[in-house]
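Residue numbers (the numbering used here): 26 to 440.
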């Protein structure tokens, strides 16, 4: 298994987006992943928001200072048109410049953002006219880390979602508490979470970062200059990247010795998983089945590496599966420390990532009102239908295309 160390150095108004990066990069020239959150008072000025009824969304008008220095890519990377999507440090505001470009590896925006979304609940805010498909190119930026992403032809892995950003926000707190030498991003998809850890992980000496996804198209993306892996972290640590296209379970069975395991796995249980304490075979869907969630919880509970940690995304949908509840309880019984790093009510596009029949995933009347105690923590169970969110924030009950569920980013620390 080779160690790959890459050198680093307006809504939908008739938009014609680039669907590929041109010209195609044939080699890996020198590049850097410099992106400091705030710049001196020059450059892009972000406006104060204008109120809206849609999830706090607003369109930019007059300006206040909020400048970003985006990641820099290989000088051969050119994109004529793409949206730029930025999240603030708390993932409490999403800024979108609709019509931007990348010239000689430099991301450029003009003026105030076209769309601002307060308390974002999805990545693509269709209620404000912003939708980006997996194959469409976009630049995504959060806390010093940026990627130019478009899923390669034939790929099936998930594009970055609001889940991705929430996991990264939770990792900000998790990474403050201990040093990391080896990290693996399980079911890495776009690789943004793994890249985020690589940039921010504390510690001394070389950092090993493994990105593992069963979809070989993901590996192709990681090896390109638009992912821009980078050779050093923000603190100057050298990074040894390992890009693996294989079953992460089989890999971890061979090599479980990681300080940190991170994952935003498929988290929607099948109907059989909700009705009995067993796990369904792999469905082939990118969203369905909680077998990986259960496996990772069992893996960390049996870890022989002191203080090893699992940071994982689950939601109130996941917790409808008795096998997941049992795995959480079992981890606590075996001495693991369970912490909810972040919780947030977000939208669920059931028509996109959901079965034809949803009744097994919906909260009962009691589950809508009351939390359920699991392994010393309290969680909501199940989803609520459109117009009936649990929080009622930001006019979200008027967004009738979305069901609602609670996202939980958990940290499970081995004994």
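Ideal placement from N, C-alpha and C gives every residue a C-beta, glycine not left out. Remember, it's a predicted structure, so these values are computed and weren't measured experimentally.
Integer Cβ distance of residue i from residue j, believed to fall under 8 angstroms
i           : j           : result
residue 421 : residue 146 : 7 angstroms
residue 340 : residue 431 : 6 angstroms
residue 208 : residue 152 : The Cβ separation is near 36 angstroms, so there is no contact.
residue 418 : residue 150 : That belief does not hold up - the Cβ atoms of residue 418 and residue 150 are roughly 15 angstroms apart, past 8 angstroms.
residue 350 : residue 342 : At roughly 13 angstroms, the Cβ-Cβ gap does not stay under 8 angstroms, so residue 350 and residue 342 are not in contact.
residue 426 : residue 411 : 7 angstroms
residue 290 : residue 325 : Not really, about 13 angstroms apart at Cβ, beyond 8 angstroms.
residue 127 : residue 104 : 4 angstroms
residue 210 : residue 287 : 5 angstroms
Contact with chain D by residue i, beta-carbon distance below 9 angstroms
i           : result
residue 289 : Of the chains in the structure shown, none is chain D; there is only one protein chain.
Three-state class that DSSP yields for residue i in the structure shown
i           : result
residue 247 : helix
residue 85  : Its pLDDT being 37, under 50, residue 85 is placed unreliably in this model, and the value from its coordinates should be taken loosely. Residue state, collapsed to three classes: coil.
residue 68  : Per-residue confidence for residue 68 stands at a pLDDT of 37, beneath the threshold of 50, marking its modelled position as unreliable; the derived number appears in the next sentence. Here residue 68 sits in coil by DSSP.
residue 236 : strand
residue 285 : strand
residue 267 : strand
residue 46  : Residue placement at residue 46 cannot be trusted, given a pLDDT of 42 that sits under 50; what the coordinates show is reported in the next sentence. DSSP places residue 46 in coil when its eight states are reduced to three.
residue 422 : helix
residue 161 : coil
residue 382 : coil
residue 17  : Any property of residue 17 remains undetermined from this structure, which presents the chain solely from 26 to 440.
residue 318 : helix
residue 392 : helix
residue 210 : strand
residue 313 : strand
residue 189 : helix
Residues bridged to residue i (per DSSP)
i           : result
residue 438 : 334 and 362
residue 119 : 112 and 142
residue 402 : 399
residue 368 : 433
residue 373 : 428
residue 125 : 107
residue 133 : 126
residue 196 : DSSP, once it has assigned bridges, lists no residue as partnering residue 196.
residue 408 : 387
residue 339 : 433
residue 97  : 131
Nearest neighbour of residue i, chosen from the options [CA to CA]
i           : options               : result
residue 333 : 360, 315, 151 and 105 : 360
residue 140 : 410, 118, 325 and 167 : 118
residue 125 : 162, 283, 101 and 326 : 162
residue 136 : 109, 130, 149 and 158 : 109
residue 106 : 114, 99 and 134       : 134
residue 331 : 285, 220 and 138      : 285
residue 362 : 189, 98, 438 and 427  : 438
residue 435 : 423, 357 and 374      : 357
residue 220 : 170, 123 and 322      : 170
residue 260 : 127, 206 and 228      : 228
residue 214 : 188, 353 and 347      : 188
residue 274 : 97, 159, 212 and 428  : 212
residue 393 : 380, 377, 367 and 428 : 428
residue 397 : 423, 381, 374 and 353 : 353
residue 226 : 413, 246, 204 and 433 : 204
residue 206 : 276, 167, 355 and 223 : 223
Discussion item. Whether or not the segment 232-252 and the segment 189-200 are in contact is what I'm after, with contact meaning three or more pairs of Cβ atoms, one per stretch, closer than 8 angstroms; do they touch?
Written reply: With a cut-off of 8 angstroms, the segment 232-252 and the segment 189-200 do not count as touching, because too few Cβ pairs lie within range.
Would you call the segment 366-386 and the segment 294-308 touching, i.e. three or more CB-CB distances under 8 angstroms?
yes
Practice problem: Kindly confirm or deny that the segment 252-266 and the segment 220-240 touch, where touching means at least three C-beta pairs closer than 8 angstroms. | Solution: yes
Could you check whether the segment 249-261 touches the segment 178-190, counting it as contact only if at least three pairs of C-beta atoms, one from each stretch, sit closer than 8 angstroms?
no
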